[in-house]
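Participant: With UniProt numbering applied, the sequence shown closes on residue 169, and no number is skipped along the way. What follows is a single structure, and I will ask about it in a moment.
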Amino acid sequence: MQLENGKIVEGKVTGITKFGAFVDLGEGKTGMVHISEVAPTFVKEISDFLTQGQTVKVKILNIAPDGKISLSVKQALDPAPQEKRPSRPRGDGQGRAAGPKRDSRPPRPAGNRERDWNHTPRESGSKDFEDMLSRFMARSDEKISDLKRNTDGKRGSFGGGRRGGKQQG
Numbered sequence: 001m002q003l004e005n006g007k008i009v010e011g012k013v014t015g016i017t018k019f020g021a022f023v024d025l026g027e028g029k030t031g032m033v034h035i036s037e038v039a040p041t042f043v044k045e046i047s048d049f050l051t052q053g054q055t056v057k058v059k060i061l062n063i064a065p066d067g068k069i070s071l072s073v074k075q076a077l078d079p080a081p082q083e084k085r086p087s088r089p090r091g092d093g094q095g096r097a098a099g100p101k102r103d104s105r106p107p108r109p110a111g112n113r114e115r116d117w118n119h120t121p122r123e124s125g126s127k128d129f130e131d132m133l134s135r136f137m138a139r140s141d142e143k144i145s146d147l148k149r150n151t152d153g154k155r156g157s158f159g160g161g162r163r164g165g166k167q168q169g
């Protein structure tokens, strides 16, 4: 049997290591299936997918000049039928796009402010600005006082409150 890149052959698993599995291809040829080529899903333990003595179909990925043969079990598997999405027209048949080009970026939020569920729409004018400023200042003062109240009780004392331990005189 002639071995060549891209060919799918059967072999017998002769050894399992942490990084892959060795497969006997016959005629004294042995190849290795790297752990990343064992299955189409994440493989933590190769022994969950392959066992020693098991016959497997493998695809020959590469035959190196020094004789090392790289194999893949996952590429030898029959491709699962992929779910086909209904296609939509891409143009009018004359190379022109149908409609405006869509932006592939996700939509941005309407504003860049924190969510304020008590927010009311703004009215124009300087009086409105003054109201907003006074509400902001009131909320800010409340937050600062809450923060101070929460952190004052958590501070410990280390012998009198002065750093260094020496008093100036």
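Note that CB positions come from ideal geometry on N, CA and C, so glycine has one too.
Which partner residues does L50 have in the DSSP bridge list?
Facilitator: Looking at the DSSP output, L50 shares a beta bridge with no other residue.
Participant: Just list the residues that DSSP pairs I144 with in beta bridges.
Facilitator: Beta-bridge pairing links I144 to no other residue.
Participant: I'd like to confirm the pairing. Which residues does DSSP put opposite D24 in its beta bridges?
Facilitator: K12, T30
Participant: Measuring only the C-alpha atoms, how far is V43 from A76?
Facilitator: 17 Å
Participant: Closer than 7 Å to a non-hydrogen atom of the ligand FMN - does that hold for the CB of D131?
Facilitator: Although the ligand FMN was asked about, the structure shown includes no ligands whatsoever.
Participant: Starting from K59, follow its DSSP beta bridges and name the residues at the other end.
Facilitator: I8, S72
Participant: Report the rounded CA-to-CA distance for G31 versus P65, giving the unit in angstroms.
Facilitator: 13 Å
Participant: Looking at the structure shown, is D152 part of a helix, part of a strand, or coil, going by DSSP?
Facilitator: helix
Participant: Excluding the five sequence neighbours on either side, which residues of its own chain have a C-beta within less than 7 Å of the C-beta of K57, listed in chain order?
Facilitator: I8, E10, A76
Participant: To the nearest whole angstrom, what separates the beta carbons of L50 and V13, a pair I think is in contact under 8 Å?
Facilitator: 5 Å
Participant: Measuring CB to CB, does K45 end up less than 8 Å from K74?
Facilitator: Note on identity: in this sequence residue 45 is Glu, with Lys being the wrong assignment. Between E45 and K74, the CB-CB gap reaches or exceeds 8 Å.
Participant: Closest to G20 by CA distance: which of L3, Q2, S47 is it?
Facilitator: S47
Participant: Under a Cβ-count criterion, where at least 16 other Cβ atoms within 10 Å of its own Cβ denotes burial, should K59 be classed as buried or exposed?
Facilitator: buried
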